[in-house]
Amino acid sequence: MFNNLSRIVLGLSLILIVVLIISANNFYEPANKVYKPEDEEHKENEDAIKEGKEDNSKAQNSEDELNDNLEERDTSGTEEITKPQEKKPEIEYVLYDGIIENIFFHPLIAYTDKAFDDDNRKNHMDAWFITVDEFEKILHSLYENDYILINMDMAYKIKEENGRKIFESSPFALPKGKKPLVISIDDLNYYEYMKKNGTIHKLILDENDNIAEFTQFEGQEPIISYNKSIINILESFIETHEDFSFKGARGIIALTGYNGIFGYDTSKQSSPTYKKDLATATKIADKLKSMGWLFASHGYSHLDAREASYDSLAWDCHRWDTHVRQLTGPTNIYIYPFGASLKSSDSKYEILIDYGFDVFMGIGRQTPIYVRRNSIYTNRLPIDGYCLKGRYGDVSRFFNTEEIIDNSRPNSN
Ligand SMILES: [Zn+2]
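Each residue of the sequence shown is one higher than the one before, counting from 794 in our numbering.
Take a look at the structure:
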């Protein structure tokens, strides 16, 4: 009797051990597969490029236009490599040369009652912005879909030839199973109209030298927060999801200058707080850089580069150089306002080159990197109200729009 019981216990224990070993293996197996150019997802992307051409008409750089002058990244051959053990020996790296996803946001709607009240900006806010709640859900979904933030300069090499920079695309190693993602925030200026329509009012540095958010509605006490801007929400997310950022990457902040930056009046020299605002904005820019953020020009006055005359674009670049680059420090990234990108054969394009820009970004559904001789170009997909309402086609590789959309939006059903 005792003997039989022992056998049963032994048998059960063996089964339990086998089950544990199987589940442990499943647990450590990366749930995601390594990206290969022939994956279904990529095919879908290519179809979407064809479908998506008419939309974003001004905003989008048509493929034909680009293919005339540009050489597309070669996406063949994904080869696995393993790096020698470093600090964290568990991470396996693979060589990646597929699509780099590139998405952008505007400042977040922190106060939905201000954004979606019945003033004449309601539809504008609904179309081009997302809410704090939506951004948080999007981050989780990007992470669950194995995206990892990278800096785009991993994807190309610059060589010197006769004193000139020559760009070449270059595959790079990523943790196995991860998909590279570049993010940017456009117009992180907190324009007057944004402040009146639900964004925070400015970024500040708190007593510990951390970025905080400041908002003060008329006749009310100021609100200091830490969870209403992309900067702070992303930072908290990375604290608990370290593998969402590769080599400390954050994103790109695209700034105009005509209405100040970060909510400060850095454009109005007659303002009594002008000098103080310049100093504060510079400190905030320095802090953001130390956190891993990069800066880009978004034009001084959000000028449409295609529509603008040669002289007005030159004047706009000069103004950005004097009033914004002074505060942010040097940058070689130009993010076209309205996505209105220039052909490299356009004489206005040379103005941008002369002002030190050689990484150009426009707007489009698909984001291959085009390597020109003296610069590179890529599109970015807007993540905004239109995106969440399906206007830019299938974005299920990032998130399920139905799970994201904030029900405080007008007509969200
Ligand atoms: Zn813009």
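Backbone N, C-alpha and C define an ideal beta-carbon position, used for all residues, glycine too.
In the DSSP assignment, what residue or residues form a beta bridge with residue i?
{"i": "LYS950", "result": "GLU961"}
{"i": "LYS972", "result": "TYR940"}
{"i": "ILE978", "result": "PHE898, ILE1046"}
{"i": "GLU883", "result": "Partner(s): none; GLU883 has no beta bridge."}
{"i": "ALA1005", "result": "ILE997"}
{"i": "PRO1175", "result": "PHE897"}
{"i": "ALA966", "result": "LEU888"}
{"i": "SER1018", "result": "GLU1006"}
{"i": "ILE1077", "result": "According to DSSP, ILE1077 bridges with nothing at all."}
Rounded to a whole number of angstroms, what is the C-alpha to C-alpha distance between residue i and residue j?
{"i": "THR992", "j": "GLU954", "result": "46 Å"}
{"i": "TYR983", "j": "PHE1055", "result": "6 Å"}
{"i": "HIS994", "j": "PHE1037", "result": "28 Å"}
{"i": "LEU967", "j": "GLU1014", "result": "47 Å"}
{"i": "TYR1200", "j": "ALA1074", "result": "The sequence given here has Asn at residue 1200, not Tyr. C-alpha separation (whole angstroms): 35 Å."}
{"i": "SER1137", "j": "ILE923", "result": "33 Å"}
{"i": "ILE892", "j": "GLU1011", "result": "47 Å"}
{"i": "ILE1146", "j": "LEU1181", "result": "35 Å"}
{"i": "LEU1081", "j": "GLY1044", "result": "10 Å"}
{"i": "ASP1187", "j": "GLY1053", "result": "36 Å"}
{"i": "HIS899", "j": "THR1160", "result": "18 Å"}
{"i": "ASP1097", "j": "ILE896", "result": "20 Å"}
{"i": "ILE978", "j": "LYS930", "result": "17 Å"}
{"i": "ARG1166", "j": "SER962", "result": "11 Å"}
{"i": "ILE1031", "j": "TYR1103", "result": "43 Å"}
{"i": "SER1022", "j": "ASP890", "result": "32 Å"}
{"i": "TRP921", "j": "ASP1177", "result": "5 Å"}
{"i": "ASN944", "j": "SER1189", "result": "23 Å"}
{"i": "TYR1067", "j": "THR1059", "result": "6 Å"}
{"i": "TRP1086", "j": "ASP1114", "result": "19 Å"}
Answer with buried or exposed for residue i, where buried requires no fewer than 16 other C-beta atoms within 10 angstroms of its C-beta.
{"i": "ARG1202", "result": "buried"}
{"i": "PHE960", "result": "buried"}
{"i": "ILE1198", "result": "buried"}
{"i": "HIS1111", "result": "exposed"}
{"i": "ASN1172", "result": "buried"}
{"i": "GLU1006", "result": "buried"}
{"i": "ASP911", "result": "exposed"}
{"i": "GLY1183", "result": "exposed"}
{"i": "ASN1204", "result": "exposed"}
{"i": "GLY956", "result": "exposed"}
{"i": "GLU1195", "result": "exposed"}
{"i": "LYS1069", "result": "exposed"}
{"i": "ALA948", "result": "buried"}
{"i": "THR1049", "result": "buried"}
{"i": "PRO1175", "result": "buried"}
{"i": "TYR986", "result": "exposed"}
{"i": "ILE1017", "result": "exposed"}
Are the Cβ atoms of residue i and residue j separated by less than 7 Å?
{"i": "ASP1109", "j": "ASN1125", "result": "no"}
{"i": "ALA1078", "j": "LEU1120", "result": "yes"}
{"i": "ALA1042", "j": "ILE1128", "result": "no"}
{"i": "MET918", "j": "ALA903", "result": "no"}
{"i": "TYR1051", "j": "SER1094", "result": "yes"}
{"i": "ASN990", "j": "ARG914", "result": "yes"}
{"i": "LYS972", "j": "ASP946", "result": "no"}
{"i": "ILE1162", "j": "ILE1169", "result": "yes"}
{"i": "ARG1158", "j": "TYR1185", "result": "yes"}
{"i": "LEU974", "j": "GLU894", "result": "yes"}
{"i": "ILE1004", "j": "ILE1024", "result": "yes"}
{"i": "PHE1039", "j": "ILE951", "result": "no"}
{"i": "ALA1107", "j": "ILE1144", "result": "yes"}
{"i": "GLY1092", "j": "PRO1130", "result": "yes"}
{"i": "GLU1035", "j": "LYS969", "result": "no"}
{"i": "GLU1191", "j": "LEU935", "result": "Per the sequence shown, residue 1191 should be read as Phe rather than Glu. Yes. Within cutoff."}
Please state whether DSSP places residue i in a helix, a strand or coil.
{"i": "ASP1151", "result": "coil"}
{"i": "SER1038", "result": "strand"}
{"i": "SER1094", "result": "coil"}
{"i": "VAL925", "result": "helix"}
{"i": "PHE1088", "result": "strand"}
{"i": "ALA1133", "result": "coil"}
{"i": "PHE1191", "result": "coil"}
{"i": "ILE1054", "result": "strand"}
{"i": "LEU932", "result": "helix"}
{"i": "ILE1198", "result": "coil"}
{"i": "TYR1127", "result": "strand"}
{"i": "TYR1268", "result": "For residue 1268 there is no data in the structure shown, the boundaries of the chain being 794 and 1206."}
{"i": "GLY1012", "result": "coil"}
{"i": "ARG1118", "result": "helix"}
{"i": "SER1102", "result": "coil"}
{"i": "PRO1203", "result": "coil"}
{"i": "LYS907", "result": "helix"}
{"i": "TYR1067", "result": "helix"}
{"i": "ASP912", "result": "coil"}
{"i": "THR992", "result": "coil"}
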